[in-house]
Each structure stands twice: as structure tokens, then as C-alpha cells.
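Encoded as C-alpha cells, the structure appears first; notes follow it.
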Amino acid sequence: MLSAIVFLPLAGALLTAVFVRNPRLVRLTAAIFAVVTFGLSLVAFASYDLNKGGLQLEDIYANWIPVEGFPVRYHLGVDGLSLPLVLLTALLGLCSVFVSWGIQTRVKEHYVWLLVLQTAVTGVFTSLDLVMFFLFWEMELIPMYLLIAIWGGGRREYSAMKFLIFTITGSAFMLVGILVVFFSVGTFSLAELAGLKPGVEGLDSSQLLLSARFVFLLFFIAFAIKLPVWPVHTWLPDAHTDAPTAGSVMLAGVLIKMGGYGLIRISLGMFPQVARDLALFLAILAVINILYGALVTLRQTDLKRLIAYSSISHMGYVLLGVSSVGAAGGALSPLGVAGAATQMFTHGTITGLLFTMVGLVYDKTHTRHIPDLGGLASRVPFTASIFVIAGLAALGLPSLSGFVSEVMVFLGTFPVWGVITALGALGIVVTAGYILWMLLRVFFGPAQERFVHLEDASLVERVAPVLLLISIVAVGLYPRFLTDLFTSGAAGLLASRFGGSG
336 MLSAIVFLPL AGALLTAVFV RNPRLVRLTA AIFAVVTFGL SLVAFASYDL NKGGLQLEDI
396 YANWIPVEGF PVRYHLGVDG LSLPLVLLTA LLGLCSVFVS WGIQTRVKEH YVWLLVLQTA
456 VTGVFTSLDL VMFFLFWEME LIPMYLLIAI WGGGRREYSA MKFLIFTITG SAFMLVGILV
516 VFFSVGTFSL AELAGLKPGV EGLDSSQLLL SARFVFLLFF IAFAIKLPVW PVHTWLPDAH
576 TDAPTAGSVM LAGVLIKMGG YGLIRISLGM FPQVARDLAL FLAILAVINI LYGALVTLRQ
636 TDLKRLIAYS SISHMGYVLL GVSSVGAAGG ALSPLGVAGA ATQMFTHGTI TGLLFTMVGL
696 VYDKTHTRHI PDLGGLASRV PFTASIFVIA GLAALGLPSL SGFVSEVMVF LGTFPVWGVI
756 TALGALGIVV TAGYILWMLL RVFFGPAQER FVHLEDASLV ERVAPVLLLI SIVAVGLYPR
816 FLTDLFTSGA AGLLASRFGG SG
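In this note's numbering, the protein residues as written are 336 to 837.
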């Protein structure tokens, strides 16, 4: 089933590229493959046995690359940490197809690269071999670069190249780290290296050719760039601002989550002692991310750039949750790491919805400059209503999903880093300020004459917002169907690598 979920979008991309020419059929073909992939993801999500836990739905082919002394396996699998992210990727992939319905330039190529991107990101979340993980990690660069460079706006070539340079730089560090690990312990098996299966114990300097702390930092740099973490965050606002709406949805929704997932799966799973030793460093970086991102967001006058900087702030909570592994063994709880993982899911849906609504506002008004907007609520009530709910979810309103993940992070991290967590909580206050101020300036106040003939979202344009809104409200009202999975995965990680309790 996992192989189908990973490669169905790629099959759809190849079918579209070779056989489909009519733009309307291109859209329908992409939608069919996206719907089927999302359906399979729901089946996988529902079939996961939470009582059993651990790795499930595995696909293994041992002799994938039959080269002596180079044991690369085709190995896919999911646990409580990765399965919800697979579902998130399928959901945002489906939404991106509908968000792109109005694209008129090179329609076939746009949908082809969108489907290839979905395969790449899903592959990262399901790969249990370091070589496969790296190949999928690199595979997403090409479609994302092209989506920004061809269908973006503003300084699209500059932003696409900046995205590429930053990410490839991080990938170079990761590749060196993978090779050091392989030549030290003789395996690429992420399942064994990360404690998902018996095999390799947590790596330390006695097992590695180089210092464990140095190898940890090689991987950490790659994940920090992707997350992104200050001060290697500067590619993200440019990429978001100039990407097409679908590109922004996928970039904010799942691409930057690859960094958070790698941080938990590889940095914590493979280097538990180093992660514990550097936990205070991670917590300090996290609070810088949270407060810096929030304060810079206050100064933004471009709607897209505002949401982009808010993503930097909210990804700080992921890093803060990860830093909870600095607790003493007896006090270690899975709540912080589970909260970090939950934050990745909830932020993916909330920010995906925010970028979808920004795209709708821009399509109708032809501007993203906040001072030029105002009074839109009376003209486009559906767009305004969904945008307001998305904003309230972003600021952590109870009964919406953003509240759940942030509370888990704070509860899991406060016993470990009390002062730092309290400083991070100030980010919530700033977030409420810039979200409410933005909503006031864009949707309320006197209606402007030039917007008197605006049309609200069409039926097709409403599909993606409604799907994302359902997920946000569902997690907000009944979070257990998601948090139990993440807590199960986090507890398994902590038990196998940190000696923590479930």
C-alpha cells in the first residue's frame, strides 16, 4: 500500500506528460490521481494498529541495488510519527491540484511537477533506508525550483535559485553525514539506526570515524536549513512570496516539515546522547526563531510575506518540543516530541489554508499589499470567513488545531526549560497581534469603491479551503485520533533511545 501511495502521483505525472494534451483533461487526470492517493492514505491511516505500535505497512526489497558491499534496500514503512505526515502530504497534494485549477500557462507541466513533488515528499516520510531517504530528499528540489521559477511572480528566478542553493548546501552536509555513518557501522538501514528495529545502538564517538557531535551537526545543518532555523532561514520568505499558490501550499505545508521530521527521526533517533547534550542549544535557537519570526512578521505589508515569516516563528515550536529530550531520564516525557510532531501537522493544514486564501484574495483584487486592501468581508464573505478562521487557528484559539499542538509543546517542555518555554509562549501574544491586525486591515473597515464588483470564490476554488477547514476543526475538537499516534511514535523513540517512559 505504501508503494502505491508514494508512486501513484509519479505514475499520474508520467501518464499526463506522455498521453494527455488537453488542459481540461490534464486537470481531471491530476485530480483523479490525487483523490485516489488521498483515499489510500486514509485507508493506511485507519488500518494502523495503535495497540501494536512500531513500524507497520512495510514494503521491503533487499536487493534493490545489487552491488556488493553497498547494502541499499528498498524499504518503506510508517510508525506513529510518519503516518500522519503521509496523510498530510496526500491532503495538501489534493488541495494543490484544486488550488491550481485556474492556471493557464503551461498547464501540463505545472501539474506534472506538482505530482512529482508529492511523490518526493511522501518518499521522505516513508523511507527507512538512508540512501532512499536522501534520493527522495533531493528529488523534491527539481519540481519546487521549477514551480517557483516558471509559475511564480516577482523575483521568481532569484527566489528559486536561492531556494536551490540553500537546500543543496544542506544536502551536501547530509550526504557527508550519511557516508560517515555507513563507513562507520556498515549499514544504511534507517530502521535499525534510528531504533525502529533491533540492530544498531544509538551512535556515539566510539562507533564513528568522526566525533558523534560533528556528525550530528552535519545532519542538523541540513534539517535546520529546511525547517528553517535562524540564521539559515532567509530563503523561505523569498520562496513563499514569489511561488505560485500551490507551490506555497506545498512548501509551507509539507516541504519544511521534512526538516522537522528529519530532526526527530535521524537527529534524535541516531544520536540520542548528542541530542540530549545539545538540548539547551536547541531550546535557545527555538526561542530565537519564535520571537524573531513573530516580531519581523509584525512589520510585513505583503500578505504572503507575512504568512511566510509567521511560519518561521511557528517552526520554532517544533524545535522547542524537540529540545525536551534534555530532561533527566526519569523525568523524560514523550509529550514534547509528540507536540513537535503534532505542530508539524497542524501548521501544515493551517498555513496551507492561509496561503490558499491569500491566493484567492490576490486573484480577486490583484494585490497583496495590505494597506491597499480593506472592507473585503462585505464583498467576499466566504473568503473572509475562511481566512478569519484560519487566522484564529494560527493564533492558537481553543477548539481549533493550532491550540492542541502548542499546548502539548508547552506542557512537554516547561518542566525541562521553564524560562525558555515562558519566553517562547510570548510568541503566542505577538502572533495574536499580527494576525488580528492583518485581518482588521484586510477584511474590515469601510469598503473600498474599487472592490465593489468583486466576485467571491467559485465552486472549484472552495474545494481546497473546505477540505483544510474540516481537518483543522476535526483536530481541534477531537485531537486524540492524531495525538495518540504521534505520542505512540514519540514514546517508542524515547523508550528505545533515551530510556524514557511511554
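We put the CB at the ideal spot given by N, CA and C, even for glycine. Source: prediction; values computed, not measured.
Residue i burial status per 10 Å Cβ neighbour count (16 or more: buried)
i      : result
TRP472 : buried
GLY458 : buried
VAL550 : buried
TYR652 : buried
LEU544 : exposed
GLN678 : buried
SER734 : exposed
ALA397 : exposed
GLY753 : exposed
TRP570 : buried
LEU802 : buried
VAL609 : buried
SER836 : Confidence is the limiting factor: at SER836 the pLDDT is only 48, short of 50, which leaves the residue's position unreliable, though a coordinate-based value still follows. The residue is exposed, with fewer than 16 neighbouring Cβ atoms inside 10 Å.
PHE373 : buried
SER541 : exposed
VAL353 : exposed
SER793 : exposed
THR702 : exposed
VAL795 : exposed
Cβ shell of residue i (< 7 Å), same chain only, five flanking positions each side left out
i      : result
HIS568 : ILE647
ALA572 : Here residue 572 turns out to be Pro, not Ala, going by the sequence shown. For PRO572, where only same-chain residues beyond five positions count, the Cβ hits under 7 Å are ARG640, ALA643 and TYR644.
TRP293 : Only positions 336 to 837 of the chain appear in this structure, which leaves residue 293 out of reach.
ALA587 : HIS575, SER646, THR686, GLY687 and PHE690
Cβ neighbours of residue i in the same chain (closer than 6 Å, five flanking residues each side left out)
i      : result
GLY347 : PHE368 and LEU450
GLY633 : The residue asked about is misnamed: residue 633 is Leu in this sequence, not Gly. Only TYR769 meet the Cβ criterion.
ILE755 : ALA618 and VAL622
ARG714 : PHE786 and LEU789
LEU437 : Before going on, a small fix: residue 437 reads as Gly here, not Leu. Counting only Cβ-Cβ distances below 6 Å, and skipping sequence neighbours, we find nothing.
Expected contact under 8 Å - CB spacing of residue i and residue j to nearest Å
i      : j      : result
THR822 : ALA673 : 4 Å
ILE485 : TRP565 : About 30 Å separates the two Cβ atoms, so there is no contact after all.
LEU482 : ALA578 : 6 Å
THR454 : VAL341 : 6 Å
ARG362 : TYR446 : 7 Å
THR862 : VAL434 : The requested residue 862 does not occur in the structure, where the chain is confined to residues 336 to 837.
LEU416 : GLY824 : 3 Å
MET479 : GLY597 : Wrong, their Cβ atoms sit about 17 Å apart, outside the cutoff.
LYS443 : THR351 : 6 Å
LEU553 : PHE508 : 5 Å
For residue j and residue i, the rounded distance between their alpha carbons
i      : j      : result
VAL589 : GLY512 : 23 Å
VAL808 : LEU817 : 13 Å
GLY539 : ASP394 : With the sequence shown as reference, residue 539 is identified as Asp, and Gly is not the correct amino acid for it. Using only the alpha carbons, I get a separation of about 30 Å.
GLY594 : HIS788 : 43 Å
LEU418 : ARG441 : 33 Å
SER506 : ALA559 : 11 Å
LEU820 : LEU385 : 7 Å
TYR697 : GLY489 : 13 Å
ARG356 : LEU476 : 25 Å
VAL744 : GLY661 : 14 Å
ALA339 : GLY737 : 31 Å
THR580 : GLU403 : 46 Å
LYS532 : SER546 : 24 Å
SER602 : PRO814 : 27 Å
GLY747 : GLY530 : 22 Å
PRO750 : LEU654 : 16 Å
ALA526 : VAL466 : 12 Å
ALA676 : ARG491 : 31 Å
ILE721 : ALA495 : 30 Å
LEU429 : ILE625 : 30 Å
VAL516 : PHE523 : 8 Å
LEU620 : ALA614 : 10 Å
SER831 : ARG548 : 20 Å
LEU298 : HIS682 : What the structure shows of the chain is the stretch from 336 to 837, and residue 298 is not part of that stretch, so it cannot be assessed.
LEU828 : ALA712 : 47 Å
PHE468 : LEU499 : 18 Å
8 Å Cβ shell around residue i - same chain, five flanking residues per side excluded
i      : result
GLY710 : PHE778, PHE779, GLY780, PRO781, ALA782, GLN783 and PHE786
ARG797 : PHE717
LEU727 : LEU735 and ILE770
ALA729 : SER645, HIS649, ILE685, THR686, LEU689, GLY737, THR766 and ILE770
VAL413 : LEU337, ALA379, TYR383, LEU390, GLN391, LEU392, VAL421, PHE460 and THR461
ALA760 : PHE745
MET773 : LEU638, LEU641, ILE705 and GLY726
LEU630 : VAL765
Those runs of the alpha helix (DSSP H) which lie wholly inside the region 445-512 and span at least 4 residues
465-474 and 476-486
Report the start-end ranges of each alpha helix (DSSP H) in the region 544-613 that is 4 residues or longer and not cut off at the edges.
547-561, 570-577, 580-585, 592-597 and 607-612
Taking only runs of the alpha helix (DSSP H) that begin and end inside the region 712-798, which ones reach a length of at least 4 residues, in chain order?
716-729, 736-748 and 753-778
Which parts of the region 355-441 are runs of the alpha helix (DSSP H), unbroken and 4 residues or longer, counting only runs that do not cross its ends?
358-382 and 418-434
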